[in-house]
Amino acid sequence: MINTSTKVNSFDILLGKIKTKRTCVGIVGVGYVGQPLAEATSEVGFRTIGFDIDQAKVEAVNSLNKNLLSATNNFEKLSESDIICICVPTPIDDSNKPDLSFVENAARNISKHLSRGQLVILESSVAPGTTREILLPILEESGLKAGDDFFLAYSPERIDPGNQEYNLMNTPRVVGGLDEKSTELVKSFYQSFVHNVLGVSSPEIAEMSKMLENTFRFVNISLINEMAEYANARSINIWEVINAAATKPYAFMPHYPSAGIGGHCIPVDPYYLIDDASKIGVTLRILSQAAIVNESRPRKVVEKAFELVNGNGRTDNNGNGKSAQPIKFLILGISYKAGSKDTRESAALKIWRVAESMGAQVSYYDPYVPKLNGWNSTKLTEKIIAEHDAIIIATDHKNIPYDIILSSGKPILDTKNIFRSNGLGRVYKY
Numbered sequence: 342m343i344n345t346s347t348k349v350n351s352f353d354i355l356l357g358k359i360k361t362k363r364t365c366v367g368i369v370g371v372g373y374v375g376q377p378l379a380e381a382t383s384e385v386g387f388r389t390i391g392f393d394i395d396q397a398k399v400e401a402v403n404s405l406n407k408n409l410l411s412a413t414n415n416f417e418k419l420s421e422s423d424i425i426c427i428c429v430p431t432p433i434d435d436s437n438k439p440d441l442s443f444v445e446n447a448a449r450n451i452s453k454h455l456s457r458g459q460l461v462i463l464e465s466s467v468a469p470g471t472t473r474e475i476l477l478p479i480l481e482e483s484g485l486k487a488g489d490d491f492f493l494a495y496s497p498e499r500i501d502p503g504n505q506e507y508n509l510m511n512t513p514r515v516v517g518g519l520d521e522k523s524t525e526l527v528k529s530f531y532q533s534f535v536h537n538v539l540g541v542s543s544p545e546i547a548e549m550s551k552m553l554e555n556t557f558r559f560v561n562i563s564l565i566n567e568m569a570e571y572a573n574a575r576s577i578n579i580w581e582v583i584n585a586a587a588t589k590p591y592a593f594m595p596h597y598p599s600a601g602i603g604g605h606c607i608p609v610d611p612y613y614l615i616d617d618a619s620k621i622g623v624t625l626r627i628l629s630q631a632a633i634v635n636e637s638r639p640r641k642v643v644e645k646a647f648e649l650v651n652g653n654g655r656t657d658n659n660g661n662g663k664s665a666q667p668i669k670f671l672i673l674g675i676s677y678k679a680g681s682k683d684t685r686e687s688a689a690l691k692i693w694r695v696a697e698s699m700g701a702q703v704s705y706y707d708p709y710v711p712k713l714n715g716w717n718s719t720k721l722t723e724k725i726i727a728e729h730d731a732i733i734i735a736t737d738h739k740n741i742p743y744d745i746i747l748s749s750g751k752p753i754l755d756t757k758n759i760f761r762s763n764g765l766g767r768v769y770k771y
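According to the working numbering, the sequence shown holds residues 342 to 771 in order.
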């Protein structure tokens with residue numbers, strides 16, 4: 342163990358290097374979160390090395406040809422870094438259980454090459470306690486001790502793909518270190534390229550802040566989807582209701598119906614909380630119920646699409662309300678949000694799987710996702726549209742020729758309120 346003077350010296354040296362941009366930053370995981378971070382740190386003057394086991398992501402970073410930025414799958418180079426940021430996925434499995442294997446594997450790779458004076462920052466979305474209870478022990482397998490030999494902190498990413506107003510630099514950043522020195526170091530680092538950085542008292546506060554942000558949206562989106570079902574049963578336009586409620590200048594934040602919640606955080610993070618709560622004997626009833634509502638949404642969308650087709654005269658020879666040939670659905674938008682190619686946890690993909698499980702044939706059109714899992718985005722022509730029995734608008738991309746869709750005369754299940762006017766014949770808002 343190093344003595345106090347050495348400990349202070351390591352802190353002072355690293356803080357000085359951060360302030361003068363003489364640090365080397367290592368980014369473990371250069372996907373949707375890590376690559377923008379790597380670009381930002383290199384652009385403000387930090388030498389930056391991206392690390393990933395996916396060679397395609399390594400090549401994508403290197404193809405940018407940016408000064409001070411490179412990527413590799415050689416994790417031995419972690420020893421060159423003064424600051425190491427972990428930006429790996431934290432998905433859930435088929436049973437909605439947290440999968441921390443990417444974080445644990447990243448930690449083991451770092452532990453093998455950990456050096457005195459380094460700062461390790463976890464950015465991946467995790468349940469409170471993960472930095473201290475899972476990441477810390479693995480890093481200390483190196484023989485080094487946090488707070489004495491190296492520094493450790495948590496700072497949740499706040500990436501919103503496609504958002505033209507808020508980006509990595511002007512979105513406030515929350516940071517929480519294992520101790521005061523770790524917090525000061527991580528705060529100084531992010532202040533180099535983020536306009537507003539808030540230091541909090543512990544990693545658990547920072548971890549919980551990310552969980553709360555996304556759980557807030559998860560519960561409210563699930564709530565509005567449930568309200569939309571009630572409004573539809575009452576023949577009330579829920580979109581008009583929301584616009585009316587949103588005129589209240591306080592205490593109301595509009596959320597909008599959809600085919601379900603998608604993306605890499607909002608539909609995932611609540612399950613980290615639910616799982617962690619169960620381990621300490623706490624039942625999150627509202628959150629658990631919101632999860633049930635969200636999980637049921639894609640099936641209800643598909644059931645409504647079948648209802649629209651069968652109510653439009655598609656019956657078998659006996660006229661019993663079932664199609665003689667497989668019903669064909671065309672899904673518009675397969676990514677999880679408008680203007681993005683990201684399909685992680687996309688509600689459209691869940692709709693696709695449910696529809697096929699119920700016997701339908703499915704095609705998709707998405708200008709941002711030309712290929713997916715061996716399928717190609719279909720052309721959007723009058724002939725191709727005519728070959729389908731119904732159209733499901735799952736993602737509200739702006740550059741889709743909706744006029745062709747509307748003029749086709751096909752039943753349209755509009756989950757995104759693309760057609761804002763009422764009384765458009767076969768357009769059903771859901």
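We put the beta carbon where it would ideally sit given N, CA and C, even for glycine.
DSSP on residue i, reduced to helix/strand/coil?
i	result
Lys551	helix
Gln702	strand
Ala494	strand
Asn578	coil
Ile668	coil
Tyr677	coil
Thr345	A caution first: Thr345 carries a pLDDT of 42, below 50, which makes its placement in the model unreliable, though a value can still be read off. Helix at Thr345.
Ala487	strand
Arg761	coil
Asn717	strand
Lys360	helix
Lys682	coil
Lys691	helix
Taking residue i as part of the beta strand (DSSP E), name the residues at either end of that continuous run.
i	result
Asp755	Ile753 to Asp755
Ile732	Ala731 to Ile734
Ile462	Leu460 to Leu463
Lys770	Val768 to Lys770
Leu539	Val538 to Val541
Ile368	Cys365 to Val369
Under 8 Å, do residue i and residue j count as touching if we go by C-beta distance?
i	j	result
Ala592	Val582	no
Ile734	Ile753	yes
Leu509	Pro667	no
Leu485	Ala448	no
Val429	Val515	no
Gly517	Ser542	yes
Gln459	Ile425	yes
Ser748	Ala688	no
Lys362	Asp423	no
Arg473	Pro590	no
Asn566	Val634	yes
Ile390	Thr413	yes
Thr719	Tyr706	yes
Leu493	Val461	yes
Glu380	Lys407	yes
Grab the span of the alpha helix (DSSP H) containing residue i for me, first residue to last.
i	result
Tyr613	Asp610 to Lys620
Arg626	Arg626 to Asn651
Ile746	Tyr743 to Ser748
Ile726	Glu723 to Ala727
Pro478	Leu477 to Leu480
Suppose the cutoff is 7 Å on Cβ atoms and the five residues either side in sequence are ignored; what does the same chain contact list for residue i look like?
i	result
Ala679	Gly503, Thr736, Asp737, His738 and Lys739
Ile627	Val560
Phe416	Phe392, Asn450 and His454
Asn511	His536
Tyr531	Ser496, Arg514, Val516 and Val538
Quick one: what's got a C-beta closer than 6 Å to residue i's C-beta in the same chain, skipping five residues either side?
i	result
Phe352	Lys522
Ala696	Val643, Phe670 and Val703
Gly660	In this predicted model, Gly660 has a pLDDT of only 39, less than 50, meaning its place in the structure is not dependable; the value taken from the coordinates is given anyway. Cβ neighbours of Gly660 beyond the five flanking positions: none.
Asn437	Tyr612
Gly603	Tyr677, Glu686, Ser687 and Ala688
Beta-carbon within less than 8 Å of residue i's beta-carbon, same chain only, minus the 5 sequence neighbours each way: which residues are those?
i	result
Ala468	Pro439, Glu548, Met552, Tyr613, Leu614, Asp616 and Asp617
Leu356	Glu525, Leu526 and Ser529
His729	Lys669, Phe670, Leu671, Ser704 and Lys751
Problem - beta strand (DSSP E) segments (min. 3 residues) lying fully within the segment 381-458 - result: 388-392, 410-413 and 424-427
Exercise for the section: Write down every uninterrupted run of the alpha helix (DSSP H) in the segment 489-535 whose length is 4 residues or greater and which is fully enclosed by it, in chain order. Expected result: 521-532
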